[in-house]
Amino acid sequence: RHTRYGTVTGVQTCALPISSASTASGTINIDTATAATWYYTNNASANHTLNFRHSSNTSLSSTLAVGDSVTIVWLNTNGSTAYYPNVIQIDATTSTPKWQGGTAPTAGNASSVDAYVFNIVKTAATPTYTILASQTKFA
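Have a look at this one:
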């Protein structure tokens, strides 16, 4: 699924697919088999749950070996009322990320696109994950 574009100063570059949709609300299934970047372009209408999985019929746990990781970018558009992903799940089980700076966000940013980066590392077969997360405002 990766399209290689060549080499730039010794580093291979590639383009990855992006998944876009309209409005963020409810539970949003982030299928890692589909895209690495998810961009919701209309203003979010509520706080929402992000559920990371491989696909609708395959768990993320079954596709990651211990020590493997996946990085996903969630781009959430906000209008004058800001919303954010207040629940993070992997395969429909709630997980608590470790947030950059040590504090989880408690809101989105009004009139902006918030970029959330989630690096999910499978640390045990049970399964157990370490999720490193960040929120950055673009306006």
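Terminal number for the sequence shown in our numbering: 318, no gaps in between.
By construction, the Cβ of each residue, glycine as well, lies at the ideal position given by its N, Cα and C atoms.
Note that this is a predicted model, so its numbers are computed, not measured.
Which partner residues of residue i appear in the DSSP bridge assignment?
i    : result
A294 : L254, T315
T273 : Q268
A303 : T307
Using the C-alpha atoms, what's the distance from residue j back to residue i?
i    : j    : result
T302 : A244 : 9 Å
I299 : P264 : 16 Å
N236 : K277 : 28 Å
A214 : V296 : 13 Å
Q314 : D293 : 7 Å
G246 : P284 : 27 Å
D210 : Q268 : 12 Å
W253 : T216 : 6 Å
R180 : T250 : Here the model assigns R180 a pLDDT of 42, short of 50, so the residue's position is not dependable, and the following value carries that caveat. Taking the straight line from one Cα to the other gives about 15 Å.
S241 : T260 : 38 Å
F317 : Q279 : 17 Å
G258 : T307 : 36 Å
S248 : T305 : 15 Å
N288 : T282 : 16 Å
Between residue i and the rest of its own chain, which residues show a CB-CB distance below 6 Å, the 5 nearest in sequence each way excluded?
i    : result
T309 : V300, T302
A212 : H233, S234
T206 : T228, N230
A312 : P276, W278, F297
Near residue i, which residues of its chain fall below 8 Å by C-beta distance, leaving aside the five closest residues on each side in sequence?
i    : result
T202 : Y219, N221, N222, A223, S224
S238 : R232, D270
Less than 7 Å between C-beta atoms, sequence neighbours within five positions excluded: which residues of the same chain meet that for residue i?
i    : result
S204 : A223, S224, A225, H227
A271 : N230
V266 : T228, T273
T256 : Y219, T220, N221, N222, A223, V292
A139 : This structure gives no information on residue 139, because the portion of the chain shown stretches from 180 to 318.
(request) Note down, one range per segment and in chain order, each beta strand (DSSP E) of at least 3 residues found wholly within the region 197 to 266. (result) 197 to 200, 205 to 210, 216 to 219, 227 to 232, 248 to 257
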